[in-house]
Amino acid sequence: MLDKENKEAQVEEDIDEIINESIKTKNEDGSFSHKVRLCVIELVGLEVAVEKVSPVIQSVLRHILGKSLDRSDLPNPTTTRAIVDEGHYIAKTFILEKFNKAENGSLGRDGTTRKKKKIVDTSITLDSGDVISLGLDRVYKENAIYKEPPERAQ
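For the sequence shown, our numbering begins at 5 and goes up steadily by one.
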């Protein structure tokens, strides 16, 4: 029983130490850490605007962990875009490797409507049965030939 209490106390100490430890967002060379880069890619994948990524990270840290980070410790919108571009390259490289290893595959498109907007998903189905989405496109005609024109600034 005493051993269990000691383990619980140690776990609580470890958690407190992690929470009280300073958050390191950059490597020694000044580049952003792997964890920050993955966080940025995931947030943009969840449709958080590039300009809002750093404020969202700050908000979560403040409200969940009680930590604060200076804006300079997080990527600015230009750096966020560069990190997202790297993420796209990594994803495309992964898809290419999977496709090259497969004996065959098929390209498919599937349309649906979300919030009165027509969406088309393009995906690859590999011989293993794996389905890899290549992304969603908005279209404005049923035949999916025409992509939705960019929205004009008001």
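A virtual CB, placed ideally from N, CA and C, is assigned to each residue, including glycine.
State yes or no: is the beta carbon of Ser132 nearer than 7 Å to at least one beta carbon in chain C?
-> Going by chain labels, chain C is absent from the structure shown, which holds only one protein chain.
Which runs of the alpha helix (DSSP H) spanning at least 4 residues fall entirely within the stretch 49-127, listed in chain order?
-> 57-64, 81-105
Pick helix, strand or coil for Lys28, following the three-state DSSP scheme.
-> Working through the sequence shown from its first residue, we reach residue 28 at position 24. For Lys28, the three-state secondary structure derived from DSSP is coil.
Range covered by the beta strand (DSSP E) that runs through Asp141 | Within the sequence shown, numbered from 1, the residue matching residue 141 stands at position 137. Segment 135-143, the beta strand (DSSP E) holding Asp141.
Tell me, please, which residues DSSP counts as bridged to Leu47.
-> In the sequence shown, the residue the question calls residue 47 occupies position 43. Looking at the DSSP assignment, Leu47 forms no beta bridge with any residue, so it has no partner.
Do Val54 and Arg75 come within 7 Å of each other at the CB atom, strictly closer than that value?
-> Indexing the sequence shown from 1 puts residue 75 at position 71. Indexing the sequence shown from 1 puts residue 54 at position 50. No, Cβ-Cβ distance for Arg75 and Val54 is not below 7 Å.
For Asp141, which option in Arg118, Leu130, Glu101, Glu17 has the closest C-alpha, if you only look at C-alpha atoms?
-> In the sequence shown, the residue the question calls residue 141 occupies position 137. Of the listed residues, the one whose Cα sits closest to Asp141 is Arg118.
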